[in-house]
Each structure stands twice: as structure tokens, then as C-alpha cells.
Amino acid sequence: MKTFVGLFAIDAAFGFAIAVTYWFVAHEEAAGTALLAIMGAALALATAYAVLAERDAHLEGDDPNETNEQAAGEVLGVFTSASPWPILIALCTLALLTGMLWSPLLGAAGLIGMILCFWRLGAESARTGT
Amino acid sequence: MTTTDHKKIGIMYVVSTLTFFVAAAVLATLIRAQLAVPENSFLSAHAYNQIFTLHGTAMIFLVIAPFGIGLANYLVPLQIGAPDVAFPRLNATGLWLFVLGGITVFAGLAAYGGGAATGWTAYAPLDEFFEGTGAGQDLFFIGLLLTSVSTILTSLNLLVTVFLFRAPGMTMWRIPIFTWEIVATAVLVLMAFPSLAAAFAMALIERHMGGHFFDPAFGGNPVLYQHLFWFFGHPEVYVMILPYFGIVTEIVATFSRKPVFGYVGMVIAAFAIAGLSLGVWAHHMFTTGAVSNPFFSAVSFLIAVPTGVKFVNWIGTMWKGSIVLTVPMLFAVGFLLNFLIGGITGVMIASPPIDYHAHDSYFIVQHFHYTIGGGSMFALFGALYFWFPKMFGVRLGERIGRWVFALLFVGFNATFIPMGFMGMEGMARRVYTYPAIGHLPLLNAIATFGAGLMTIGTIAFFVDVLVSIRRRAPVEDNPWGGYSLEWMTSSPPPEFNFHALPPIRGRRPALE
Numbered sequence: 347m348k349t350f351v352g353l354f355a356i357d358a359a360f361g362f363a364i365a366v367t368y369w370f371v372a373h374e375e376a377a378g379t380a381l382l383a384i385m386g387a388a389l390a391l392a393t394a395y396a397v398l399a400e401r402d403a404h405l406e407g408d409d410p411n412e413t414n415e416q417a418a419g420e421v422l423g424v425f426t427s428a429s430p431w432p433i434l435i436a437l438c439t440l441a442l443l444t445g446m447l448w449s450p451l452l453g454a455a456g457l458i459g460m461i462l463c464f465w466r467l468g469a470e471s472a473r474t475g476t
Numbered sequence: 007m008t009t010t011d012h013k014k015i016g017i018m019y020v021v022s023t024l025t026f027f028v029a030a031a032v033l034a035t036l037i038r039a040q041l042a043v044p045e046n047s048f049l050s051a052h053a054y055n056q057i058f059t060l061h062g063t064a065m066i067f068l069v070i071a072p073f074g075i076g077l078a079n080y081l082v083p084l085q086i087g088a089p090d091v092a093f094p095r096l097n098a099t100g101l102w103l104f105v106l107g108g109i110t111v112f113a114g115l116a117a118y119g120g121g122a123a124t125g126w127t128a129y130a131p132l133d134e135f136f137e138g139t140g141a142g143q144d145l146f147f148i149g150l151l152l153t154s155v156s157t158i159l160t161s162l163n164l165l166v167t168v169f170l171f172r173a174p175g176m177t178m179w180r181i182p183i184f185t186w187e188i189v190a191t192a193v194l195v196l197m198a199f200p201s202l203a204a205a206f207a208m209a210l211i212e213r214h215m216g217g218h219f220f221d222p223a224f225g226g227n228p229v230l231y232q233h234l235f236w237f238f239g240h241p242e243v244y245v246m247i248l249p250y251f252g253i254v255t256e257i258v259a260t261f262s263r264k265p266v267f268g269y270v271g272m273v274i275a276a277f278a279i280a281g282l283s284l285g286v287w288a289h290h291m292f293t294t295g296a297v298s299n300p301f302f303s304a305v306s307f308l309i310a311v312p313t314g315v316k317f318v319n320w321i322g323t324m325w326k327g328s329i330v331l332t333v334p335m336l337f338a339v340g341f342l343l344n345f346l347i348g349g350i351t352g353v354m355i356a357s358p359p360i361d362y363h364a365h366d367s368y369f370i371v372q373h374f375h376y377t378i379g380g381g382s383m384f385a386l387f388g389a390l391y392f393w394f395p396k397m398f399g400v401r402l403g404e405r406i407g408r409w410v411f412a413l414l415f416v417g418f419n420a421t422f423i424p425m426g427f428m429g430m431e432g433m434a435r436r437v438y439t440y441p442a443i444g445h446l447p448l449l450n451a452i453a454t455f456g457a458g459l460m461t462i463g464t465i466a467f468f469v470d471v472l473v474s475i476r477r478r479a480p481v482e483d484n485p486w487g488g489y490s491l492e493w494m495t496s497s498p499p500p501e502f503n504f505h506a507l508p509p510i511r512g513r514r515p516a517l518e
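Chains A and B, in that order, are what the protein sequence lines are. Following this note's numbering, the numbering of the first sequence begins with 347 at its first residue and continues without gaps. Following this note's numbering, the numbering of the second sequence begins with 7 at its first residue and continues without gaps.
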């Protein structure tokens with residue numbers, strides 16, 4: 347996690363530095379300064395979250411001497427291997443976008459379909475514990 | 007179709023991108039057929055515009071960038087010792103958004119008035135006038151919106167997976183360079199792709215909902231579209247190259263029988279390239295006169311430094327190594343040679359005076375094909391030959407593979423070296439025909455001949471795939487003597503990747 351924090355902190359600092367430099371060089375051109383500043387802010391947000399998350403984190407992958415035996419728990423974990431909802435969510439997204447342009451009915455169907463898919467996906471996730 | 011297994015999703019990405027690649031290659035063949043002779047009327051201007059638009063769009067959005075992401079889907083969990091990605095259902099959603107997005111873009115060809123014909127950049131106001139008034143243009147925007155959302159979701163997923171799902175002992179400074187390059191790519195995607203989504207959403211609002219973001223008559227600014235597009239567009243170039251840097255690093259280190267030379271330098275260079283690439287977007291806009299040319303020129307020159315570091319490291323890895331010239335290694339060496347030409351011509355046009363001269367000419371076509379075609383595409387083929395045994399438990403043919411490499415390498419250079427000279431003679435890009443003046447007829451004939459060789463090479467590759475799958479010669483788990491974790495599981499790997507994780511105490515767990 348420390349690498350994660352450092353990585354994003356350096357990236358955020360770079361984002362702000364290049365935004366300030368760009369503003370000095372071309373302050374009459376606002377779009378570029380805005381894009382770079384937003385980039386720096388987004389990276390700073392990720393860094394702030396990482397700092398908070400890092401305080402309580404213990405990741406086996408961060409310890410160079412951790413063994414598989416030390417990392418193993420009683421339950422190895424439960425993982426999903428199939429779900430019908432992703433493909434349906436993608437289809438509904440396409441229906442929503444095309445419907446917004448040409449057919450409000452199709453758009454509404456896409457939106458309702460997406461909501462239903464997310465609802466069922468949540469239920470599936472709760473049922474399988476994944 | 008309902009799978010959430012990262013390996014199957016990765017393979018579906020690869021198969022989808024290769025399908026789109028075949029379509030884009032057919033379009034490229036049509037382009038070269040049209041330009042084979044001067045004043046040709048094989049294609050109309052409008053058909054040509056649609057074809058080159060779809061060729062560029064498919065190669066960029068549906069082949070090279072998603073192949074890297076798809077391969078990462080397959081490899082990253084294996085390389086870090088994870089059972090799957092962090093969010094398997096999100097991963098599947100990303101795949102299907104990508105596939106549907108690609109189909110939507112191609113579906114534009116069937117629309118009344120034809121497909122998008124504005125070039126892959128779809129500049130405002132071109133998308134509202136001339137070539138861009140039909141539903142095909144809308145389907146272009148919708149399809150690419152879907153693929154950009156897909157790329158964002160997958161990048162987020164890969165980033166979380168690498169940070170949180172590493173096996174015990176697999177510290178960040180032990181993960182393979184390919185995975186590092188994917189981390190850099192994912193950060194880049196998260197910074198750059200929202201800008202593209204914004205640009206396309208604004209274009210759709212302008213086309214259908216009365217928006218005027220880019221219309222000067224209502225206080226809008228068409229240059230704003232270019233800013234938003236290229237703020238995505240130049241980082242996208244590195245989204246299309248960083249994973250391939252990782253592929254080449256893995257191949258070169260494996261077949262030089264040496265550890266990666268300058269591992270830390272490689273990682274720092276990847277992030278330096280990613281960071282700098284976010285500050286160079288307006289070098290595509292030098293000729294607008296609306297941007298700070300010195301700033302963008304200086305930052306563009308700077309990118310050559312970390313890229314040079316990578317070249318030094320690749321050569322350092324090969325230096326005094328026991329080099330084995332297998333087919334993947336041939337493609338890696340081909341990548342180094344071609345990408346070098348792309349990089350050097352890139353440094354040339356990072357200089358505004360040269361760019362003013364070369365802008366919108368075939369010199370630019372040559373430059374970006376050497377980076378993305380001669381670079382990424384060669385690494386793509388190298389990756390297929392290298393990881394095919396792991397994915398399918400079948401090794402591709404070595405002899406036919408050498409023919410594939412030779413045909414593609416000679417064909418590629420025969421196609422694109424002449425384009426630099428065409429550009430210098432003033433041939434403009436994106437024109438459907440040209441007059442018979444100077445050396446243009448000869449240069450174009452050579453380029454079309456080269457494209458023919460590449461077509462034969464591509465067909466030979468697919469023949470190789472079919473023959474190898476049909477023959478099903480048994481392959482061991484680590485046929486190349488690879489060093490990273492994916493070579494320590496079966497070929498193909500079991501569900502959730504490893505029956506038992508090996509101890510990880512260094513950067514080359516398979517050899518330690």
C-alpha cells in the first residue's frame with residue numbers, strides 16, 4: 347500500500363506542477379490549465395483515499411518475507427465464476443444510449459433494465475457471498 | 007458468455023480484437039488498392055472517407071488498446087498470484103460493453119448515408135456538416151462511448167487487483183514489468199478517458215439536444231473539442247504502447263536468459279512516460295495557432311528521455327545474454343527496430359517548424375504507423391506466439407511463424423518507408439486520389455505491394471493458428487523457460503489459476 351500511496355502522491359504533485367507551469371506559460375488558454383488542474387485534483391483525491399485506507403491495511407503481498415502458510419486462513423475465499431447480469435447490463439446500456447437519441451421508449455426500457463439488472467446482481471452477490 | 011473467469015474473459019478480448027483486426031486489415035487493403043495508381047476510381051471519395059475512418063477507429067479503439075487490456079486481463083492475476091481480478095462481474099461488464107461498442111461502430115456502415123466519415127478524430131464541426139450528418143456518425147460516438155466506459159472499468163479493476171490481490175511475498179517491487187506497465191496504463195486511462203467520454207457526450211448533445219459547445223455562432227469554440235479529444239488522444243497513444251513495452255520486456259528477458267536490466271529504471275520510465283504524455287496533447291494542435299507551441303514542444307521532446315531509458319534497458323538485457331531467436335523474440339527485435347523509427351520521426355515533428363511542414367501529410371501517416379503498427383502490432387504478434395501455449399496448451403508453429411514475421415517485417419517497411427517520402431513530396435493524408443506527379447505513383451505502388459505482403463503474412467498467421475490447434479501437439483507448462491509466476495501453473499491454467507502457490511522470494515519465482 348505504501349507504494350500505492352507514493353505512486354499517486356507523486357503523480358498528483360506532477361499534475362499540479364504541470365498545471366501551474368502551463369498557467370504561467372499560457373494563461374490565456376484556460377482549457378489546458380483546467381484539464382491539468384482537474385487531473386491533479388483527481389490524483390490528489392485518490393492519494394487521500396489511499397492514505398486513509400493504508401492506515402488499517404495489512405496485505406500479504408506487501409511483506410517480502412510472508413509465506414503462504416502464514417497468509418492462509420481457514421477459508422480460502424469464495425469466487426464467482428459465472429453471472430448473466432454483466433452482458434445484460436451492457437445490452438441495457440446500449441439500449442439506453444441509442445434510445446436517448448432515437449426512441450424514448452427504448453431508452454426507458456434500457457434504464458429500467460439496467461436498474462433491474464443491478465438489483466438482481468446485488469441479490470446474486472449477497473446469496474453467493476462474492 | 008456468462009463467464010466471469012478472468013482467463014476466459016481475457017481470451018474473449020483477444021478473439022474479439024483479432025476479429026476487429028481482420029476487419030480493419032481488409033479496410034486497409036481497400037485503401038491501398040485505391041491508392042495503388044494515380045487518379046483511381048475504384049472507390050468514391052465518400053466510400054474512401056468511411057473506410058479510412060473505420061480503419062483508424064477500429065485499429066485504435068478496437069484492436070491495439072483493447073488487446074493490451076485483454077492480455078492484461080488474462081495475465082495480471084497469473085503474474086501476481088491472484089485467483090481472479092478484484093471485481094469479476096465488472097470485468098465481464100467491461101468485455102461486453104467493448105464488444106457491443108465495436109459492433110455498434112461497424113453497424114454505422116449499414117446506416118442511411120453510411121458510416122462515420124470524419125476520420126477517427128471526428129472534429130467539430132466536421133461531425134455536424136459535410137460527412138458527419140448521418141446516423142452512422144451517431145453510432146460511431148455511441149460505440150466509442152461504450153468502449154471508453156469499458157476501458158475505464160477494466161483499468162480500475164486491474165489497478166485494484168494489482169494493489170490488493172498480490173500473493174504473499176509478491177511485493178510491488180517484485181511484480182513483472184508487464185504488470186507494472188499495466189499499472190501505468192491504468193492510471194493513464196483513468197486520467198485521460200473521461201475527457202474523451204465528455205467530448206463525445208458533448209458532441210451528441212450538440213447534434214441532438216440543441217447544445218452549442220463547439221459552435222462559435224452561439225459562443226462555443228470548436229478548438230475546445232480538439233482540447234478535450236487530444237487530452238485523451240495523446241495519452242491514448244501510450245495506452246497503446248505501454249502494455250506492449252511490457253510484452254517486449256518479458257520476451258526479451260526470457261529469450262536473453264537474463265534478468266531485466268534496470269528493473270527500477272524501467273518502472274520509473276513507464277511512469278515518466280505516462281505522466282509526460284498527459285502534458286503533450288496540444289502538439290497535435292500546433293497549426294491551430296491557439297496553443298502554446300513552446301510548452302508542448304518542450305514536453306514532447308522530454309518524452310524521448312524515458313523512452314530512451316527503455317531502449318537502453320532492452321539492449322542491456324540482451325547484452326551478453328544467451329539470445330535464442332524464437333518467433334516471439336524475432337517479433338520483439340522487429341518491434342525495437344520499427345519503434346525506433348517511429349520514435350525518431352516523433353522527435354522530429356515535436357518541433358513546430360517541422361510539424362508545420364509535415365502536418366496532415368503522409369509523413370505523419372508514416373510516423374504513427376511506425377509507432378503503433380511497427381511497434382505495438384509487432385509486439386502483439388510476439389505476445390500471441392509467446393503466451394499462446396499458456397492460453398491454449400498448444401504451441402504455434404515455429405517454421406511458419408518465421409515466415410509470418412518475415413512477411414510482416416518486409417511488408418511493413420515496404421509499405422511505410424515510402425510514405426515518409428510521399429509526405430515530403432507533399433502528398434496529403436486522407437485524400438482518396440492523387441495526381442501522377444513526381445515519384446508519387448512509384449512510391450504508392452511500392453506501398454501497395456508492401457501491404458499485399460502484410461496481407462499474406464496475416465493470412466499465414468491465422469493458418470498457423472488453425473493448423474496448430476488442429477494438430478494439438480502437447481506442450482509443457484513452461485515451454486520457453488519463462489521466469490514469472492504464470493509459467494508455474496499448468497497450460498492452460500486451472501480455474502482460479504493455481505493448485506498451490508509457490509513461495510515467492512524474488513523477481514523471477516519460476517527460476518528461483
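Note that beta-carbon positions come from the ideal geometry of N, C-alpha and C, so glycine has one too.
- By the Cβ criterion, the stretch 268-275 of chain B is in contact with the stretch 313-323 of chain B, since at least three pairs of Cβ atoms, one from each stretch, lie closer than 8 Å.
- Between Arg401 (chain B) and Val339 (chain B), the gap from beta carbon to beta carbon reaches 8 Å or more.
- In this chain, the alpha helix (DSSP H) harbouring Ala394 (chain A) covers 376-401.
- Around Arg514 (chain B), the same chain offers Pro265, Tyr489, Ser490 as residues with beta carbons nearer than 8 Å, after the five sequence neighbours per side are excluded.
- According to DSSP, Ala428 (chain A) shares a beta bridge with B:Thr9.
- Runs of the alpha helix (DSSP H) lying entirely within the stretch 271-331 of chain B and spanning at least 4 residues, in chain order: 299-324.
- Secondary-structure assignment with DSSP links Ala434 (chain B) through a beta bridge to B:Ser367.
- The beta-carbon of Ile350 (chain B) is placed no less than 8 Å from the nearest beta-carbon of chain A.
- In the DSSP assignment, Phe345 (chain B) falls within the unbroken alpha helix (DSSP H) covering 333-355.
- In the displayed model, Gly352 (chain A) falls within a helix according to three-state DSSP.
- Classified as buried, Leu386 (chain B) has 16 or more neighbouring CB atoms from the shown chains inside 10 Å of its CB.
- Around Ala358 (chain A), the same chain offers Gly386, Leu389, Ala390, Thr393 as residues with beta carbons nearer than 7 Å, after the five sequence neighbours per side are excluded.
- Remark: C-beta atoms of Gly87 (chain B) and Leu446 (chain B) do not approach each other more closely than 8 Å.
- Closest in C-alpha terms to Glu431 (chain B), from the list B:Leu414, B:Phe415, B:Asn450, B:Val416, comes B:Asn450.
- Restricting attention to A:Thr367, A:Cys463, A:Arg401, A:Phe425, the CA atom closest to the CA of Ala92 (chain B) is found in A:Phe425.
- Judged by DSSP secondary structure, Trp493 (chain B) falls outside any alpha helix (DSSP H); it is assigned neither H nor E.
- For the 8 Å CB-CB criterion, Arg38 (chain B) and Thr377 (chain B) do not form a contact.
- For Glu412 (chain A), a Cβ of chain B is located within less than 8 Å of the residue's own Cβ.
- As DSSP reads the structure, Gly487 (chain B) sits in no beta bridge.
- Within the stretch 482-501 of chain B, the residues whose Cβ lies closer than 9 Å to some Cβ of chain A are Glu501, listed in chain order.
- Any Cβ of chain B closer than 8 Å to the Cβ of Leu440 (chain A) would place that residue at the interface, and such an atom is present.
- With contacts defined as CB atoms closer than 8 Å, Ile15 (chain B) and Ala98 (chain B) qualify as a contacting pair.
- The continuous alpha helix (DSSP H) containing Arg95 (chain B) extends over residues 94-113.
- In terms of Cβ geometry, Gly468 (chain A) and Gly456 (chain A) do not form a close pair [threshold 8 Å].
- For the pair Pro241 (chain B) and Leu194 (chain B), the CB atoms are nearer than the 8 Å cut-off.
- Of all residues in the stretch 359-371 of chain A, the ones placed with a Cβ closer than 7 Å to any Cβ belonging to chain B are Phe360, Ile364, Tyr368, Val371, in chain order.
- Contact check for Phe398 (chain B) against Asp90 (chain B) fails: the beta carbons are separated by 8 Å or more.
- When the Cα atoms are used, Thr293 (chain B) and Ala78 (chain B) turn out to be separated by approximately 37 Å.
- Taken through DSSP and simplified to helix, strand or coil, Gly380 (chain B) comes out as helix.
- Around the Cβ of His373 (chain A), a 10 Å sphere holds fewer than 16 other Cβ atoms; the residue is exposed.
- Per DSSP, reduced to three states, the secondary structure at Gly142 (chain B) is helical.
- Between Leu336 (chain B) and Arg408 (chain B), the gap from beta carbon to beta carbon is short of 8 Å.
- For Gly121 (chain B), the beta-bridge partners assigned by DSSP are B:Gly142.
- Residues are counted here when their Cβ sits less than 7 Å from a Cβ of chain A; for the stretch 142-168 of chain B these are Asp144, Ile148, Leu151, Leu152, given in chain order.
- For Arg172 (chain B), at least one C-beta of chain A is nearer than 8 Å to its own C-beta.
- Rounded to whole angstroms, Thr177 (chain B) and Val243 (chain B) show a C-alpha spacing of 29 Å.
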